[in-house]
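Engineer:
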Amino acid sequence: MEFKRNVVLGVSGGIAAYKALDVVSALRKKGINVDVIMTEHAAKFVTPLTFQSLSANSVIVDMFDEPKVWEIQHISLAKKADLILVVPATANIIGKVANGIADDMLSTTIMASKAPVLFAPAMNTVMYVNPIVQQNIERLKSIGYEFIEPASGILACGDEGKGKLPDPKLITEIALTKLYTNKDLYGKRILVTAGPTNAPIDPVRFICNHSSGKMGYSIAEVARDRGAEVVLVSGPTNLDIPYGVKVIRVNTNSEMLNAVLDNFDNSDIVIKCAAVADYKPESYSEIKIKKAGGILDLRLIQDTDILFELGRRKTDKQILVGFAAESNDLIENAKTKIVKKNLDYIVANDIMLKDTGFGSDYNKVSIISKDGEIVNLDKMSKRAVGEEIFNTIVKRR
Ligand code: PMT
Numbered sequence: 004m005e006f007k008r009n010v011v012l013g014v015s016g017g018i019a020a021y022k023a024l025d026v027v028s029a030l031r032k033k034g035i036n037v038d039v040i041m042t043e044h045a046a047k048f049v050t051p052l053t054f055q056s057l058s059a060n061s062v063i064v065d066m067f068d069e070p071k072v073w074e075i076q077h078i079s080l081a082k083k084a085d086l087i088l089v090v091p092a093t094a095n096i097i098g099k100v101a102n103g104i105a106d107d108m109l110s111t112t113i114m115a116s117k118a119p120v121l122f123a124p125a126m127n128t129v130m131y132v133n134p135i136v137q138q139n140i141e142r143l144k145s146i147g148y149e150f151i152e153p154a155s156g157i158l159a160c161g162d163e164g165k166g167k168l169p170d171p172k173l174i175t176e177i178a179l180t181k182l183y184t185n186k187d188l189y190g191k192r193i194l195v196t197a198g199p200t201n202a203p204i205d206p207v208r209f210i211c212n213h214s215s216g217k218m219g220y221s222i223a224e225v226a227r228d229r230g231a232e233v234v235l236v237s238g239p240t241n242l243d244i245p246y247g248v249k250v251i252r253v254n255t256n257s258e259m260l261n262a263v264l265d266n267f268d269n270s271d272i273v274i275k276c277a278a279v280a281d282y283k284p285e286s287y288s289e290i291k292i293k294k295a296g297g298i299l300d301l302r303l304i305q306d307t308d309i310l311f312e313l314g315r316r317k318t319d320k321q322i323l324v325g326f327a328a329e330s331n332d333l334i335e336n337a338k339t340k341i342v343k344k345n346l347d348y349i350v351a352n353d354i355m356l357k358d359t360g361f362g363s364d365y366n367k368v369s370i371i372s373k374d375g376e377i378v379n380l381d382k383m384s385k386r387a388v389g390e391e392i393f394n395t396i397v398k399r400r
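Counting from 4, one number per residue, gives the positions in the sequence shown under our numbering.
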């Protein structure tokens, strides 16, 4: 497997060292190569072998170990790194770097690298607020080193306060945004919708569909990483809120309509990926409908076509992108929707294909522009589909 980006993960000696294992796994799942450097103290909390197994790379602890391949290791890793991420960062490693001390593999590699360095501090709260530590952090920030704010809560030592390592998922997401150098959407405001909407029948039941939100969330994350300011209007999903994205949670078609209209005029690009309910029960029962035997008739009436409403309001400066979930006549049906809903692009997916579309981590789509140009894409991750959508928009602008 060829990795496109390289992270050097520095692990220093704190109780939170085990959480760095989740960061290694998460980065690897995103296709990032991870080389781990541990301090000697870190190796007392977690074995290097564990990091080696998860990163699939040898782990360096001692500067004077015989290298596997002959090269000066701190220099080669320092050059190779697109990002140095220190998780957890103790008061000790922060203090060393802030004061120019390079006496082990981690501090030496940081000193010898031009890559951005991101520290995720974790330590006892009294240590964290100690003016010496705070001055070291401020000094490092003033010369371009970056920090992820520790979380507050009950610490491993029993004290309560600031100093906990943030969720490894959050650390990973922040690291990913730093690794992303293409900021071609900088200055753009992008509105994305994702997930299903519910059409309630009574306090217990509702009509819904299989949308997981993964496609829309991936689009929002790509837009964020490429520098845009992103608002994500999300129907009910189990997905974590993406870091750095403003998320508005909604439940029904009308809640989605209101949230989208509130943000529409301010948006440069709008991508409507949500699988919105087209129909809702003619009347909502305030009380639970009792089982009465035989057939229950449920009359459905049409609900608002949100995308159609956006197409009517769209100005020449805005780009409006719809999705088309089709089970037959993919391209013809999608083209009809471009015209009917006044879209600039439609992303057509054939929902009958296996392991793509609804619920999957993959999608296979064609991006069709209003002048009829079609980009047929292979099956790829939803994140890669998001990249392709913005590549098409940026190229054609
Ligand atoms: O969420 P995932 O599990 O990742 O799955 C992704 C997906 C399959 C949901 C996604 O790729 C997708 O196809 N989304 C659009 C689903 C859909 O509602 O398609 P449609 O052809 O019915 O609607 C066409 C367009 O009109 C869509 O942009 C939709 O958001 C919009 N619409 C539809 C109905 C309605 N009442 N209001 C709308 O705005």
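Ideal Cβ positions, reconstructed from N, Cα and C, are used throughout, including at glycine.
Between which two residues does the alpha helix (DSSP H) harbouring Asp228 extend?
Structural biologist: 217-228
Engineer: Using 8 Å as the threshold, is the C-beta distance between Ile334 and Ile341 below it?
Structural biologist: Against a cut-off of 8 Å, the Cβ pair of Ile341 and Ile334 comes out as no contact.
Engineer: Tell me whether the beta-carbon of Ala159 lies closer than 8 Å to the beta-carbon of Ile18.
Structural biologist: Judged by their CB atoms, Ala159 and Ile18 are nearer to each other than the 8 Å cut-off.
Engineer: Leaving out five residues before and five after Ile251 in sequence, what residues of the same chain have Cβ atoms less than 6 Å from its Cβ?
Structural biologist: Val236, Ala262
Engineer: Got a sec? Which residues, its chain only, sit under 8 Å from Tyr365 by beta carbon, not counting five neighbours each side?
Structural biologist: Asp358, Thr359, Lys382, Met383, Ser384, Lys385
Engineer: Would you mind stating whether Val233 and Val195 have Cβ atoms separated by less than 8 Å?
Structural biologist: yes
Engineer: Start and end of the alpha helix (DSSP H) containing Arg315?
Structural biologist: Annotation for Arg315: the continuous alpha helix (DSSP H) segment containing it runs 309-316.
Engineer: Given that a residue counts as buried once 16 or more other Cβ atoms are within 10 Å of its Cβ, and exposed if not, what is Glu141?
Structural biologist: exposed
Engineer: Starting from the Cα of Asn269, find the closest Cα among Ala84, Ile193, Gly238 and give me that residue.
Structural biologist: Ile193
Engineer: Return helix, strand or coil for Glu149, following the three-state DSSP convention.
Structural biologist: strand
Engineer: When every heavy atom of ligand 1 is checked, does at least one fall within less than 7 Å of the C-beta of Phe209?
Structural biologist: no
Engineer: In chain order, what residues of the same chain lie with their CB nearer than 7 Å to the CB of Ile78, ignoring the 5 residues before and after it?
Structural biologist: Ala115
Engineer: Can you tell which of Phe267, Leu301, Ala81, Ala46 has its C-alpha closest to the C-alpha of Thr318?
Structural biologist: Phe267
Engineer: Is it the case that the Cβ atoms of Leu30 and Thr180 are separated by a distance below 8 Å?
Structural biologist: no
Engineer: Look up Glu329 in the DSSP assignment and say whether it is helix, strand or coil.
Structural biologist: strand
Engineer: Tell me, please, which residues DSSP counts as bridged to Ala197.
Structural biologist: Ser237
Engineer: By Cβ distance, which residues of its chain are closer than 8 Å to Ala280, with the 5 residues on each side in sequence left out?
Structural biologist: Pro199, Thr200, Asn201, Ala202, Ile210, Cys211, Asn212, Thr255, Asn256, Asp306
Engineer: Anyone know if the C-beta pair for Asp85 and Asn185 falls short of 8 Å?
Structural biologist: The answer is no: Cβ separation not under 8 Å.
Engineer: Glu376 to Ala226, Cα distance in whole Å?
Structural biologist: Between Glu376 and Ala226, the C-alpha separation is close to 23 Å.
Engineer: Buried or exposed: Glu224, going by 16 or more other Cβ atoms within 10 Å of its Cβ?
Structural biologist: buried
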